[in-house]
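Engineer: Counting from 1, one number per residue, gives the positions in the sequence shown under the UniProt record's numbering. In this text, a Cβ means the ideal position worked out from N, Cα and C, and glycines have one as well. For reference, the structure I am asking about is given below.
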Amino acid sequence: MLGICRGRRKFLAASLTVLFVPAITWIYLFAGSFEDGKPVSLSPLESQPHSPRYTASSQRERESLEIRMREVEEENRVLRKQLSLAQSRSPSHHRGNHSKTYSMEEGTGDSESLRAGIVAGNSSECGQQPAVEKCETIHVAIVCAGYNASRDVVTLVKSVLFHRRNPLHFHLIADAIAKQILATLFQTWMVPAVRIDFYDADELKSEVSWIPNKHYSGIYGLMKLVLTKTLPSNLERVIVLDTDITFATDIAELWAVFHKFKGQQVLGLVENQSDWYLGNLWKNHRPWPALGRGYNTGVILLLLDKLRKMKWEQMWRLTAERELMSMLSTSLADQDIFNAVIKQNPFLVYQLPCFWNVQLSDHTRSEQCYRDVSDLKVIHWNSPKKLRVKNKHVEFFRNLYLTFLEYDGNLLRRELFGCPSEADVNSENLQKQLSELDEDDLCYEFRRERFTVHRTHLYFLHYEYEPASDNTDVTLVAQLSMDRLQMLEAICKHWEGPISLALYLSDAEAQQFLRYAQGSEVLMSRHNVGYHIVYKEGQFYPVNLLRNVAMKHISTPYMFLSDIDFLPMYGLYEYLRKSVIQLDLANTKKALIVPAFETLRYRLSFPKSKAELLSMLDMGTLFTFRYHVWTKGHAPTNFAKWRTATTPYRVEWEADFEPYVVVRKDCPEYDRRFVGFGWNKVAHIMELDAQEYEFTVLPNAYMIHMPHAPSFDITKFRSNKQYRICLKTLKEEFQQDMSRHYGFAALKYLTAENNS
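Below is the structure:
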């Protein structure tokens with residue numbers, strides 16, 4: 001683009017030179033023909049030596065002027081030659097950067113500018129496009145419903161944030177599921193100069209539910225029709241985007257196009273790039289009425305204030321009612337109705353260049369929208385096939401999409417310098433907490449992790465749960481990282497009840513997990529597993545934050561606090577539900593202990609009963625958990641008594657006790673100061689004891705720890721002396737906090753620690 005602008009400047013300079021140099025020359029010569037205010041004749045007669053005015057000096061001036069005149073004429077000849085060459089090259093430049101499609105891309109909106117040679121590139125043409133003010137807020141509306149669409153929105157938002165230089169205000173028309181997911185995501189993302197407002201999509205259903213729709217987007221695919229009514233009345237303009245959009249440029253460039261609207265133009269749209277509305281795709285194909293090829297509504301510029309004055313609500317409703325009498329239903333949701341309205345009122349549309357919506361469905365004319373990568377602005381995956389669509393350059397588009405899909409969202413927390421941002425209470429509190437820490441403290445990084453806000457995407461995959469009628473349901477709660485994915489299928493086979501998992505992953509790992517899950521028949525057959533992605537940040541594994549995230553998002557009254565490396569016994573889910581009733585867990589403060597065992601064998605014939613497990617213990621195939629490394633962790637379970645127990649029995653808390661327990665969902669959270677390896681479960685059990693929970697061992701329940709390579713955190717604990725020192729410091733501070741909070745009763749924890 002820069003080269004084109006320079007070429008035009010040379011062209012302009014050459015033209016001006018050709019026009020003005022001869023004029024200036026003749027003025028100069030004419031002025032030189034005067035002497036003492038009288039004209040000096042240059043005629044041959046007056047130039048003769050016998051002329052009274054003839055002198056040697058004037059002769060020399062005349063000769064020098066004639067020489068200069070010949071030089072100027074020679075320069076003009078060269079310039080004319082350069083000018084003719086430039087003119088002959090100019091059309092090829094134009095064709096090289098704009099396909100013939102562009103001859104109609106500016107459409108009804110800006111034909112004068114088009115004739116003047118508006119250039120379609122990835123950046124504004126030579127600075128001529130109206131600029132968006134530096135801190136002007138750009139408003140974007142998106143309709144989003146369900147788990148999958150929520151994932152798509154994240155990728156769209158990433159692509160917008162990557163290029164943006166302006167504050168953004170997203171207006172999300174979302175159902176309850178998408179609102180829960182995206183509200184948590186943006187709250188924990190904490191991107192500066194970004195505001196999010198939600199509008200209840202379920203409340204809008206009655207506005208469009210009367211329209212039969214065959215499109216896969218369902219009823220939510222019609223909700224863009226009611227944005228004038230849904231969005232705030234003082235909002236004048238908005239960019240409306242589908243969730244399957246990827247931006248390749250700054251959205252401010254699209255926002256600037258509003259300045260080109262004229263007269264009654266209120267809709268900015270790109271021409272549809274398929275033959276759908278031409279009605280020739282198959283025999284008896286009968287699409288809704290449209291102007292020519294029609295328009296695609298994946299990207300819309302809406303002048304809301306003018307649309308309201310035009311009574312848009314009445315306009316589209318009357319059109320839809322009339323067309324539905326013969327069409328019976330829509331095939332492309334809101335797009336059919338938009339096109340029917342435009343067919344009757346073509347003056348409403350400002351036609352956007354097609355690079356603002358390069359439509360990648362099968363058999364489209366999308367290739368005519370670009371000649372080079374720099375021409376691309378917005379990519380639209382508007383086919384049900386999405387990334388599997390057929391397109392000549394689909395590999396390039398797919399890679400661009402995957403770039404944003406796997407891009408580290410933490411890097412998009414960029415400040416917009418010079419633009420005041422609204423006060424964010426969460427951000428201010430975080431900064432205050434961090435400022436109170438001593439950066440010279442050798443344990444600063446440990447303390448800082450407690451306050452780190454990790455970006456969190458709840459329900460990364462589809463989730464369904466039907467509450468149990470007897471109110472005894474139990475959710476298995478665990479956390480994991482990428483190196484434990486292989487445990488998921490086995491756990492799902494052992495536990496048929498609901499599961500809540502927090503996964504600590506990078507953006508790229510989250511996509512690897514998605515592909516892994518979608519390729520697993522076992523995982524895809526289970527809809528009662530909630531996968532919550534907590535994105536990586538910092539140098540420690542935030543184990544207790546992960547547990548808290550998984551605990552917070554359970555749908556049952558009880559939860560089994562487990563770890564991902566354990567396989568529960570077959571039938572444990574039903575056994576725990578019966579135990580909940582038997583031990584009156586609803587009305588008592590109890591923590592039901594599931595005894596933990598381990599095997600050192602990667603291949604294990606899993607015991608199907610307590611008797612079989614005891615036999616394997618006697619043969620040395622199984623062991624009580626960590627008996628040879630950390631006996632104190634599970635010794636209070638009293639495995640000797642458990643061997644012969646037939647009824648539940650109570651045990652007392654002891655120092656370093658860390659059993660796996662079943663509790664009510666209202667139990668206290670894990671303490672976030674403990675990260676990585678060490679004391680993360682111990683501290684939680686200590687707090688349960690401080691709150692007077694009764695520890696009860698279940699006689700016919702068990703779980704088995706499967707072998708795996710040592711985690712990175714336990715390796716750091718073993719090899720790093722400072723790590724161990726900081727962990728000891730955090731333990732002491734936790735015990736002091738317990739004493740302050742629970743008073744005299746908590747003194748036993750200090751005593752027990754000193755005696756252990």
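If you drop the 5 nearest sequence neighbours on each side, which residues of the same chain put their C-beta closer than 7 Å to that of Glu-509?
Structural biologist: Only Met-482 meet the Cβ criterion.
Engineer: Could you tell me how far apart the beta carbons of Pro-557 and Lys-665 are, in whole angstroms, since I believe they sit closer than 8 Å?
Structural biologist: Confirmed, Cβ separation roughly 6 Å.
Engineer: Please tell me whether Thr-472 and Ile-581 are closer than 8 Å, where the distance is taken between their beta carbons.
Structural biologist: Cβ distance < 8 Å, so Thr-472 and Ile-581 count as in contact.
Engineer: Kindly indicate which three-state DSSP category Val-40 falls into: helix, strand or coil?
Structural biologist: Low local confidence applies: a pLDDT of 39 at Val-40 is under 50, so the model's placement there is unreliable, and no value is given.
Engineer: For Thr-456, which option in Gly-146, Thr-184, Arg-414 and Ile-173 has the closest C-alpha, if you only look at C-alpha atoms?
Structural biologist: Minimum Cα distance to Thr-456 is reached at Thr-184.
Engineer: Tell me whether Phe-677 sits in a helix, a strand or coil according to DSSP, three-state version.
Structural biologist: Coil, per DSSP.
Engineer: Starting from Gln-314, trace the alpha helix (DSSP H) in both directions and tell me its first and last residue.
Structural biologist: Gln-314 -> alpha helix (DSSP H) spans 312–327.
Engineer: In three-state DSSP terms, what is Phe-606?
Structural biologist: Note: Phe-606 maps to coil in three-state DSSP.
Engineer: Drop a sphere of 10 angstroms on the beta-carbon of Ser-209, count the other beta-carbons inside from all chains shown, and report buried for 16 or more, exposed for fewer.
Structural biologist: Flag for Ser-209 reads exposed.
Engineer: For Val-675 and Pro-353, I'd like the C-alpha separation in whole angstroms.
Structural biologist: Going from the Cα of Val-675 to the Cα of Pro-353 covers about 52 Å.
Engineer: Which residue's Cα is closest to the Cα of Gln-691: Phe-623, Ala-746 and Asp-244?
Structural biologist: It is Ala-746 whose Cα lies nearest to the Cα of Gln-691.
Engineer: For Arg-296, which residues from the same chain have a beta carbon less than 8 Å from its beta carbon, with the 5 sequence-adjacent residues on both sides left out?
Structural biologist: Note that residue 296 is Asn in the sequence shown here, rather than Arg. Once the five neighbours on either side are set aside, the close Cβ partners of Asn-296 are Leu-269, Val-270, Glu-271, Asn-272, Gln-273, Gln-335, Asn-357, Gln-359, His-380 and Asn-382.
Engineer: Is the CB-CB distance between Pro-289 and Trp-276 below 8 Å?
Structural biologist: Their beta carbons are not under 8 Å apart, which means Pro-289 does not touch Trp-276 by this criterion.
Engineer: Return helix, strand or coil for Gln-265, following the three-state DSSP convention.
Structural biologist: Coil at Gln-265, not helix or strand.
Engineer: Flag this pair as yes or no: are the beta carbons of Leu-168 and Val-194 separated by less than 8 Å?
Structural biologist: Cβ distance < 8 Å, so Leu-168 and Val-194 count as in contact.
Engineer: So, with DSSP's three-state summary, where would you put Asn-213?
Structural biologist: Three-state DSSP puts Asn-213 in a strand.
Engineer: Does the beta-carbon distance from Asp-175 to Asp-202 come in below 8 Å?
Structural biologist: Result yes, Cβ atoms of Asp-175 and Asp-202 sit closer than 8 Å.
Engineer: Exposed or buried, Arg-526, counting other C-beta atoms within 10 Å across all chains shown (16 or more means buried)?
Structural biologist: Flag for Arg-526 reads buried.
Engineer: In chain order, what residues of the same chain lie with their CB nearer than 8 Å to the CB of Tyr-602, ignoring the 5 residues before and after it?
Structural biologist: Answer for Tyr-602: Met-706 and Pro-707, listed in chain order.
Engineer: Please go through the region 458–506 and give each complete alpha helix (DSSP H) segment of 4 or more residues, from N-terminal end onward.
Structural biologist: Runs of the alpha helix (DSSP H) inside the region 458–506: 487–494.
Engineer: Express the C-alpha separation of Val-266 and Lys-311 in angstroms, rounding to a whole number.
Structural biologist: Cα to Cα, the separation comes out at about 12 Å.
Engineer: Since Phe-540 contacts Glu-449 with CB under 8 Å, what's their CB separation in whole angstroms?
Structural biologist: Their Cβ separation, rounded to whole angstroms, is 5 Å, which keeps Phe-540 and Glu-449 in contact under 8 Å.
Engineer: Could you check where the alpha helix (DSSP H) with Met-559 kicks off and where it finishes?
Structural biologist: First-last for Met-559: 558–561, but that is the beta strand (DSSP E), not the alpha helix (DSSP H).
Engineer: Determine the closest residue to Gln-486 out of Ile-177, Ala-709 and His-215, with distance taken between C-alpha atoms.
Structural biologist: Cα-wise, what sits closest to Gln-486 is Ala-709.
Engineer: Is the Cβ-Cβ distance between Ile-243 and Ile-138 less than 8 Å?
Structural biologist: Reading the sequence as shown, one finds Thr at residue 243 and not Ile. Cβ distance not < 8 Å, so Thr-243 and Ile-138 don't count as in contact.
Engineer: Here's a check: name, in chain order, each residue in its chain whose Cβ is nearer than 8 Å to the Cβ of Ala-645, leaving out the five neighbours to either side.
Structural biologist: Here the set comprises Val-697 and Pro-699.
Engineer: Just the C-alpha distance for Lys-214 and Met-327, rounded to the nearest angstrom, thanks.
Structural biologist: Distance between the alpha carbons of Lys-214 and Met-327: 12 Å.
Engineer: At which residues does the beta strand (DSSP E) containing Ile-581 begin and terminate?
Structural biologist: Run containing Ile-581: none in the beta strand (DSSP E); it sits in the alpha helix (DSSP H), 572–582.
Engineer: Please confirm whether Leu-613 and His-494 have their CB atoms less than 8 Å apart.
Structural biologist: No, the pair does not count as a contact, with Cβ atoms beyond the cut-off.
Engineer: Thinking C-alpha only, which one of Ala-655, Glu-436, Pro-648 and Leu-622 is nearest Lys-632?
Structural biologist: The shortest Cα separation from Lys-632 among Ala-655, Glu-436, Pro-648 and Leu-622 belongs to Ala-655.
Engineer: Going by the beta-carbon positions, is the gap between Ile-245 and Leu-156 smaller than 8 Å?
Structural biologist: Against a cut-off of 8 Å, the Cβ pair of Leu-156 and Ile-245 comes out as a contact.
Engineer: Let me check understanding here. Comparing Cα to Cα, which of Pro-636, Trp-653 and Thr-599 lies closest to Met-619?
Structural biologist: When only C-alpha atoms are compared, the closest one is Thr-599.
Engineer: Could you tell me which residues DSSP pairs with Leu-303 in its beta bridges?
Structural biologist: Arg-237.
Engineer: Quick check on Phe-338: does DSSP put it in helix, strand or coil?
Structural biologist: Looking at Phe-338 - three-state DSSP - the assignment turns out to be helix.
Engineer: Classify Glu-35 as helix, strand or coil using the three-state DSSP reduction.
Structural biologist: Legend: pLDDT at Glu-35 = 41, less than 50; position of this residue unreliable, value from coordinates given subsequently. DSSP places Glu-35 in strand when its eight states are reduced to three.
Engineer: Use the C-beta contact count for Arg-577: other C-beta atoms within 10 angstroms, 16 or more gives buried, fewer gives exposed.
Structural biologist: That one is buried.
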